[in-house]
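Residue numbers (this note's numbering): 14 to 443.
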């Protein structure tokens, strides 16, 4: 998850590469003030391209339209990486959609600093104060609200219980050495241990981020960002531990060219029982079932293991959620839609039908899936929380982490070179 730095690509170059024509750019948010018919059209950009989420969200838009006859919702749904590329172009153009998906953090801050995002502090306070506090954190900038969450969760390992049993792995590992041993056992049993979408880079970043948290500690990640220096021993060790894993050749054949949610990608590989694990967020079961067959009762979840001798704890979690922000000057109907989307009724529907974790406390009773309940329990017991690195940091830094970690996994960068490249980019952002 991460946007390339705006300085790295010209506006027209990004638009062409992403397939985004000038007509689409100029029309974004352009008809939101209503025409002669008195109808307000709101453009809503999101990344819900997999089922059942895609249809559920479309249904919610129709429900809102029925309750608000003078409002029309125009939905633009794009796959994760395509969305980021196009949003980079829109940010560079200075014109964002009325309502758009955001992960918060440094990317949202850049858009806020550019004067492109609506301050929602006062207009949403009456109902947003009741949302889960941890879910709102990524969208708070200088104590002001610039986004409203609809999901919160964490990254962890989703695993195939049947394949673990086949390999003689009796329980999910709780230490890094135990994890590497499980990988070896799976390989010895003829099972592919891990699926990875190497083509998209951000899934590989999860490994380095968690290992940095476990070796250096979550506070070190924040300090490194403040100091613009990621060359500390803990970060080098994180890369070293990741290289230990890569050297075991744990990933599926062709992983460097694999996407995440395609029929032959990471989620499908796990969902079809062709790999034992994937390191992914709370949305994983839904995507596994959409891209593949899904594992049903054979699917389990466990947190990223502790690293022996590291400063971090297994109770420190890495993740985030999804939220919506509004372009500066978006119509009142867009604020009304955010309120509708953050209501108890909508949250319950999202929890029941799409597998998100509730951000409205009253919707928690709708959570019945045992694996998602386990994720929520981990979140509630968390002693530290770190937002996705390619969203928490400035876009250029986040992208460099994704690129450098991908290079380490591919064998073209050393652990030391990863930290040096990230530090160089961080310093250039000053």
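Even for Gly, the Cβ is constructed at its ideal location relative to N, Cα and C.
message = In this structure, how does DSSP classify residue 101 when only helix, strand and coil are distinguished?
response = Collapsing the DSSP output to three states places residue 101 in a helix.
Note to self: Assuming the contact rule is C-beta atoms closer than 8 angstroms, residue 364 and residue 145 should be a hit. Round their C-beta distance to whole Å, please.
What the structure shows: The Cβ separation is near 12 angstroms, so there is no contact.
### Task
Please state if the CB of residue 90 and the CB of residue 53 are separated by a distance shorter than 8 angstroms.
no
CA nearest to the CA of residue 229, picked from 170, 251, 412 and 200: 251
From what residue to what residue does the alpha helix (DSSP H) around residue 89 run? First-last for residue 89: 84-90, but that is the beta strand (DSSP E), not the alpha helix (DSSP H).
Notebook entry, point to check: How would you write the range of the alpha helix (DSSP H) that residue 389 sits in, first residue to last?
Noted result: 383-393
Chain-order list of residues whose beta-carbon lies under 8 angstroms from that of residue 141 (same chain, five-residue window excluded): If we look at residue 141 and ignore the five residues flanking it on each side, its Cβ neighbours are 133, 149, 158, 161 and 355.
### Query
What do you get for residue 270, buried or exposed, if any count of 16 or more other CB atoms within 10 angstroms of its CB means buried?
Per the 10 Å Cβ criterion, exposed.
- For residue 293, which beta-bridge partners are listed by DSSP? 169
According to DSSP, is residue 115 helix, strand or coil? strand
Review point. Leaving out the 5 sequence neighbours to the left and right, which residues in its chain are closer than 7 angstroms to residue 435 when beta-carbon positions are compared?
Key: Sequence-distant partners of residue 435 (beyond 5 residues in either direction) whose C-beta falls short of 7 angstroms from its own C-beta, in its chain, are 243, 410, 413, 414 and 417.
* To do: Please work out which residues of its chain come closer than 6 angstroms, Cβ to Cβ, to residue 348, disregarding the five sequence neighbours upstream and downstream, and give them in chain order.
  => 136
Query raised in the report: Can at least three beta-carbon pairs, one atom from the segment 73-91 and one from the segment 381-391, be found at a separation below 8 angstroms?
Result: no
What separation, rounded to the nearest whole angstrom, lies between the Cα atoms of residue 387 and residue 235? 27 angstroms
* To do: For residue 343, name the three-state secondary structure that DSSP assigns.
  => coil
* Got a sec, what are the start and stop residues for the beta strand (DSSP E) residue 9 sits in? -> For the chain, the structure presents residues 14 to 443; residue 9 sits outside this window and is missing.
query = residue 56 lies in the beta strand (DSSP E); which residues open and close that run?
reply = 53-59
Exercise for the section: Count the CB pairs spanning the segment 71-80 and the segment 323-342 that are closer than 8 angstroms, and state whether there are at least three. Expected result: no
Helix, strand or coil: how does DSSP classify residue 352 here? helix
task: Count the other C-beta atoms from every protein chain shown that fall within 10 angstroms of the C-beta of residue 260, then say buried if there are 16 or more, exposed otherwise.
output: exposed
query = Can you list, in chain order, the stretches of the beta strand (DSSP E) that have 3 or more residues and sit fully within the segment 204-251?
reply = none
**Study point:** Extent of the continuous alpha helix (DSSP H) run through residue 431
**Key:** 428-441
For residue 147, which residues does DSSP report across the bridge? DSSP lists no partner for residue 147.
Comparing C-alpha positions only, which one of 397, 376 and 248 sits nearest to residue 143?
376
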